[in-house]
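**Student:** A single structure is presented below for examination.
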Amino acid sequence: EVSTQSTESSGINAEYGVLLARDGTLSVPEDHYKALLNQAFGVGGWALIPLDDIKELPAMDPNQKYVPLVREYALYAHERFVSQAFGETNFYSANQKYSDAAETIKASALTRCCKDLGVASELWDKGWTERWRGEYGIQDSGVD
Numbered sequence: 006e007v008s009t010q011s012t013e014s015s016g017i018n019a020e021y022g023v024l025l026a027r028d029g030t031l032s033v034p035e036d037h038y039k040a041l042l043n044q045a046f047g048v049g050g051w052a053l054i055p056l057d058d059i060k061e062l063p064a065m066d067p068n069q070k071y072v073p074l075v076r077e078y079a080l081y082a083h084e085r086f087v088s089q090a091f092g093e094t095n096f097y098s099a100n101q102k103y104s105d106a107a108e109t110i111k112a113s114a115l116t117r118c119c120k121d122l123g124v125a126s127e128l129w130d131k132g133w134t135e136r137w138r139g140e141y142g143i144q145d146s147g148v149d
């Protein structure tokens, strides 16, 4: 029953379950996706499998202080292919552990694979996200 669940019907309270990042993007905690997959397929009934090694992408700006990292994953449930997606993050070597960056990549890929199942798919809908920001979001103008 995972594929038909929206943020509200899958237990994500629109006010408290959706996270608003500094850049304005909306997300749902990774644990929620895992809980839904466990509910639908059972613990151990699904797996997110890496398809390659973590790759460093070339810098877009020679002055950037991070390295863009990507890795491709495939989601399987009951030994059947479900979805495939890249996870990504920016790695800041001065103040971030590489292992934390690797976990962020994995969470990003899980989110994208679950999108193909329809889980929290509203987060990819511009109209829905604008309405959510208008009702629950806090605008920070960045001016002191």
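Taking my numbering as reference, the numbering of the sequence shown is continuous, increasing by one, and the terminal residue is 149.
Cβ atoms here follow ideal geometry from the backbone N, Cα and C, with glycine treated the same way.
As the structure is a prediction and not an experimental result, all values here were calculated from the model.
#1: Would you decide whether Phe-86 is buried or exposed? Buried here means 16 or more other CB atoms lie within 10 Å of its CB.
#2: For Ile-54, which residues from the same chain have a beta carbon less than 7 Å from its beta carbon, with the 5 sequence-adjacent residues on both sides left out?
#3: Taking only the alpha-carbon atoms, compute the straight-line gap between Glu-35 and Ala-64 and give it to the nearest angstrom.
#4: Enumerate in chain order the residues of its own chain whose CB-to-CB distance from Thr-109 is below 6 Å, with the five nearest sequence positions on each side excluded.
#5: Rounded to a whole number of angstroms, what is the C-alpha to C-alpha distance between Trp-133 and Cys-119?
**Tutor:** On the basis of the data shown:
#1: exposed
#2: Tyr-78, Ala-79, Tyr-81
#3: 28 Å
#4: Thr-94
#5: 18 Å
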